[in-house]
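Heads up: the sequence lines are chains Y, S and W, in that order.
Per my numbering, the very first residue in the first sequence carries number 1; after that it's consecutive.
Per my numbering, the very first residue in the second sequence carries number 1001; after that it's consecutive.
Per my numbering, the very first residue in the third sequence carries number 2001; after that it's consecutive.
For glycine and all other residues, C-beta sits at the position ideal for the given N, C-alpha and C.
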Amino acid sequence: MLFSKADAPYLSNNSNVQSLMLKVVYALVPGSIAMFWFFGWGVLFNLVIAISVCLASEAIMLKARSRPLEPALSDGSALVTACLLALALPPLAPWWLTTIACLFAIVIAKHLYGGLGFNPFNPAMVGYVVVMISFPREMTYWTPPMGVAEGWPGLMDTFSLVFGGTVPEGQSIDTITMATPIDTLKTQINLEHDIDYIRAHRDYGELFGNVTGVGWEWINSLYMLGGIWLIWQGVIDKRIPLAFLISLILISNLFAVVDYSSYSSALFHTLSGGTMLAAFFIITDPVTASTTPRGRIIYGAGIAAITYIIRTWGGYPDGIAFAVLLMNIAVPLLDHYTRPRTYGTTDEDS
Amino acid sequence: MMVVIITLAIVAALFGLLLGYSAIRFRVEGDPVVDQIDALLPQTQCGQCTFAGCRPYAEAIAKGEADINQCPPGGETVIIALADLLDVEAKPLNAEHGEEKKSQTVVYIDEDTCIGCTLCIQACPVDAILGAAKHMHSIIESECTGCDLCIPPCPVDCIHIKPVMPTLRSWKWHQPEGGYAAPRVG
Amino acid sequence: MSAINKSNILKTGESTWKFHGGIKLPGHKDMSTKKPIGRMPSSDHYIIPLNQQMGAEGEVLVAMGDKVLKGQMLASPHGLISAAVHSPVSGKVVEIAQHHFPHPSGLAGTCIVIENDHKHEWVERNPIGDDYRNISSQQLRNIIRDAGIVGLGGATFPAAVKQTEVGIETLILNGIECEPYITCDDLLMRERADDIVKGAKIIAHIIKAEECIIAIEDNKPEAIDAVTRAVSQDGSEFIKVQSVPTIYPSGGERQLIKIINGREVPINGLPSDIHVLCHNVATSYAIYKAVFEAEPLISRVVTITGRGVKSPQNLEVDIGTSIHDCIKYCGGYNNNARALIMGGPMMGLTLNTDELPVIKATNCLLVSAGIDIRLPESEIHMPCIRCGKCVEVCPANLLPQQLYWFAGNKDYDRALEYNLFDCIECGCCAYVCPSRIPLVQYYRYAKSDIWEQERERKKSDIARQRHENRLERLEKHKQEREARLKKKRDALAKNKSGRDEEMEKKKALIAETLARVNEKKSTQKTTVKNTENLTPEQQQQISQADARREKMKKHENQ
């Protein structure tokens, strides 16, 4: 008889960080297949580059910080960051762009703050914002989605563009790439065209497809399905995505009802761009989100508000990354003022 | 140019008057920070900080003549508390003044050897030794602070250190291991 | 079998509230409910620790070698919060010494060892019986106190101290038993429901409660039936049985009160502040035995269970029986046994030996086969990923992850601000944590560190006082000494001048007298008489004396 000594409690529900992270990756699969279908090989190259750079830089940083490689390397958090970055960055982004984004995310935004659990800013969003501001031109290298114009380039063409920076013969970068629906809409609205005109335009009207953009409807819907599965599995808290989506719908509806021609509808906002990817995968990052129940609702709503502001009046087409980082700053304040009422106390704050 | 100089001079004079008035009007009597510092010190009165007791050390800190990391019995807890109180940065214990003891200690007298010379009684800063000349001396263990000041004066070396063992009333839960990336102090 | 009075049962969902959080755990109760409560046979030796309750240890009443009877008080309560201990058998006191007993510190404590003479001789018993209705609450409390009854749900708080008769409206009997594996209260309710109900009435009489609710989790249908039947047979209208959804930790006193009447016990307060009193059903049974059979608390039902023991069951065990013997009686250990836990798998205590006595707090001996136990060597925990699952399950509605950050950093001011001491250490947070952080251990360590700091602060205040007293004393001595010295010096100076004068006077007197004498001598001639008829010796003497006188005169004149 061994008589082992241990600390109470002696039971656990056997959840662990690795299984949580892997479930997030599984939930991303449907949406990424749609991404690949509509935007081609570039998505795959992004994934390969991002995953290898993220894991390698994580291993190097752990060594540099004298930490054991296990269990940190296999906990899946670097893998999730890599996947999110790869899916958010444009498919034809050069290999060095993806690399720089991943390095900033893992080395600076995660390990220099102390590693998993200690970073205040969402690492994927930090990487995204750094390349967005530093290389604005490369960040517009989206291909036309399958079914619009010539669709996405073939394997060899994509390879030479991403890794070699060379465009195929007789083409220029402008002919290969095409702006996303969100980007197009924003540019044209700023030129005082109204939405119906834009959607019917000869050059880029077909980009918008039936609803919110060819391809984007599928991609966002599949991300949403993955996200719902994650909520059902108990991996993410439903408050954050619900608060985000509901707030976004309410705000965009408010403006769209007032002036339909200059403000996109709620449907457009929820099913275009990175909305669903953000709602269920990016803003639900537990380390950087708020931790109290009420705080999480305010956090999600805040991100939605800032996203809408940047999308409509700001300088960048998709403002989710900035919105997330801004709300990350507010998290300690939110946590402090939304502490739940302890059993036995009367209603008192902080 | 002259206008600027004159204006700035007037503004400076005004602020000077304001500050001077405040210094007089809002002066605080006494030196409460010394009491606050003294309240944080462990009262071992051992002198390892190079001052003659905890109160003189507290006064020296208040005057700025001593650093906050000179107290081994207080250890890290006291350094951090003092840093919080005085709004300065916490630093590690200054090794010149001794090392933090691993556990509380008290002393005891070997009664077979004691010669009743009262030298230890005179040395004890909290009067924790019972005895008189030519009579047996005994340590009042509950009052002993573990300062060890009685050990050097004893001419027959009959005072020994022993650790304070935890009792059913004073035991503590053990500290959890901390994992591979635990939060660290400081 | 009389019909069950339906008005006595309040079904689940009917007028119950919910507390925040909680988790659903697999029960593992069937393992030990297949057999009725057995009886652990007598042993040869019993080790009775004095420290079996919250509060002070009792004062020993017996000495080495004393003969004791079954039920005899071995130590009397010392102070208000203390409890007596009694001998479970008749025999002899063979030792009063330090022995190890189940305690989280692992330290030894004073224990009284009784050698059984196997004669089962009881001490004189005069049970009050039904007459309890005619004696005062204070007398009943004294009976309970003298019977050494403490809370048998695990907290071991002296029962009589809780039973205040001022302002209690509701008595709640806690038959919840929410921890997995433990079934002692379940079987006690199934088999001895009548006695439990009688005990409830005694307590209700002492505290003058208006209603009594016996709360039982809904995974114990047989117990609910048995107790309901007992209540209907008893016929009293003010006792009700309430079935409660099975969630851990519904059995915690504060959580149970919220479930039953929706009110929360204020922090830093007691249930009596909201007019409620809770007792465990086993405590109620013990009170019944004390009042109706004059039997002190000398035995209790213990669940011996787990995959590591061959034959899990419930036994009525005498206090002081060796745990090793109990497990042997249940078939002994299986080959896969890894750990012995006193208590349940969420809040119990791992023991590092089984040569320890069963004490009043021992509600369960869980022999774990290691499958679900978390052992230190497998426990390198990950950092907190702030997922917030712990916040969702905390029954006290705290922020466990913030408390973890503060406790780990020894930031005790913030930890207290976040209500660290309201943590009931139930373990729900550690159960759900994906990083497998031993959260409860962090909080326990932080609490005991804070208590130690309090103790040290008090000690250092005393040391400061002694030091200041010493400085005062030395200062006083110094001043006294100086005052004394000064006085002496003054006196010396004063004496000196006085003495000089006296000296002068004396000298003058002597000179005067001498002068007078010399004068007389020179004027008068002394006539020598009796010089006729002298013997030769006398003549010699006279001439010697004359010579001496001459010599002296010569000396004077020199």
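Query: Are the C-beta atoms of glycine 2013(W) and some chain S residue less than 7 Å apart?; Result: Reliability of the predicted coordinates at glycine 2013(W) is poor, the pLDDT of 45 falling under 50, and no value is obtained from them.
Query: Quick check on glutamate 2452(W) - is its C-beta less than 7 Å from some C-beta in chain S?; Result: yes
Query: What residue ranges within the segment 2407-2455 of chain W form continuous alpha helix (DSSP H) runs of no fewer than 4 residues, ordered along the chain?; Result: 2412-2417 and 2428-2432
Query: Cβ closer than 9 Å: which chain Y residues qualify as neighbours of valine 2166(W)?; Result: None at all; the shortest Cβ gap to chain Y is about 21 Å.
Query: If you run the structure through DSSP and keep just helix, strand and coil, what is lysine 2478(W)?; Result: helix
Query: Applying the 10 Å Cβ sphere with the 16-neighbour rule, what's the burial state of alanine 1013(S)?; Result: exposed
Query: Give a yes or no on whether 7 Å exceeds the smallest Cβ distance from lysine 5(Y) to chain W.; Result: yes
Query: Is glutamine 2441(W) close to chain S, meaning its C-beta is less than 7 Å from at least one C-beta of that chain?; Result: yes
Query: Is the separation between the beta-carbon of alanine 124(Y) and that of alanine 105(Y) shorter than 7 Å?; Result: yes
Query: Any idea if threonine 2353(W) is buried or exposed, counting beta-carbon neighbours within 10 angstroms, 16 or more meaning buried?; Result: exposed
Query: Excluding sequence positions up to five away, which residues of its chain have a Cβ less than 6 Å from the Cβ of valine 235(Y)?; Result: Leu20 and Lys23
Query: If we cut at 7 Å on Cβ distances, does cysteine 2387(W) have a partner in chain Y?; Result: yes
Query: Rounding to the nearest angstrom, what Cα-Cα distance links glutamate 2392(W) and glycine 344(Y) in this structure?; Result: 17 Å
Query: What whole-angstrom Cβ distance do valine 2089(W) and isoleucine 2112(W) have, given they're in contact under 8 Å?; Result: Wrong, their Cβ atoms sit about 12 Å apart, outside the cutoff.
Query: Roughly how many whole angstroms lie between the Cα atoms of isoleucine 283(Y) and valine 2281(W)?; Result: 49 Å
Query: Any idea if glutamine 2539(W) is buried or exposed, counting beta-carbon neighbours within 10 angstroms, 16 or more meaning buried?; Result: exposed
Query: Looking only at its own chain, which residues have a Cβ that is under 7 Å from the Cβ of proline 1036(S), when we skip the five neighbours before and after it?; Result: The sequence shown places glutamine at residue 1036(S), not proline. Correct list, in chain order: Leu1085.
Query: Considering only residues of the same chain and omitting the five flanking positions on each side of proline 1155(S), which have a CB-CB separation below 8 Å?; Result: Ile1115, Cys1117 and Leu1119
Query: Can you tell me whether valine 1003(S) is helix, strand or coil according to DSSP?; Result: helix
Query: Along chain W, in chain order, which residues have C-beta atoms closer than 9 Å to that of aspartate 1127(S)?; Result: Arg2466, His2467, Asn2469, Arg2470 and Arg2473
Query: Which same chain residues end up closer than 8 Å to glutamine 2098(W) when comparing Cβ atoms and leaving out the 5 residues on each side of it in sequence?; Result: Ala2108, Gly2109, Thr2110 and Cys2111
Query: How would you label lysine 2201(W), buried or exposed, when you count the other beta carbons within 10 angstroms and need 16 or more for buried?; Result: buried
Query: I want to know whether the segment 36-47 of chain Y touches the segment 2417-2430 of chain W - three or more CB-CB distances under 8 Å.; Result: no
Query: In or out: lysine 2551(W) buried (at least 16 other Cβ within 10 Å) or exposed?; Result: exposed
Query: Extract the residue ranges of the beta strand (DSSP E) inside the segment 2245-2285 of chain W, only unbroken runs of 3 or more that lie entirely within it.; Result: 2276-2280
Query: With 7 Å as the threshold, decide whether the Cβ of aspartate 349(Y) is near any Cβ in chain W.; Result: For aspartate 349(Y), the predicted model reports a pLDDT of 45, less than 50, meaning its position is unreliable and no value from the coordinates is stated.
Query: What is the DSSP secondary structure of arginine 2039(W), reduced to helix, strand or coil?; Result: strand
Query: Where does the unbroken alpha helix (DSSP H) through glutamine 1036(S) begin, and where does it stop?; Result: 1032-1040
Query: Only counting the same chain, and skipping five residues up and downstream in sequence, which positions put a Cβ closer than 7 Å to that of alanine 305(Y)?; Result: Ser247 and Ile251
Query: Assess contact between the segment 2325-2341 of chain W and the segment 2047-2067 of chain W, defined as three or more Cβ pairs (one per stretch) separated by less than 8 Å. Is contact present?; Result: no
Query: Measuring CA to CA, which of Lys1101(S), Trp1171(S), Ile1121(S) and Ala1039(S) is closest to tyrosine 1108(S)?; Result: Ile1121(S)
Query: Quick one: list the residues of chain S neighbouring serine 2105(W), beta-carbon separation under 8 Å, in chain order.; Result: Pro1166, Leu1168 and Trp1171
Query: Just the Cα atoms here: how many angstroms apart are glycine 127(Y) and glycine 209(Y)?; Result: 31 Å
Query: Our contact map puts isoleucine 2047(W) next to valine 2085(W) with C-beta atoms below 8 Å; I'd like the distance itself, whole angstroms only.; Result: About 11 Å separates the two Cβ atoms, so there is no contact after all.
Query: Using beta carbons (cut-off 7 Å, strictly below), is tyrosine 284(Y) in contact with chain W?; Result: Reading the sequence as shown, one finds threonine at residue 284(Y) and not tyrosine. Not an interface residue.
Query: So what's isoleucine 246(Y) in DSSP terms, helix, strand or just coil?; Result: helix
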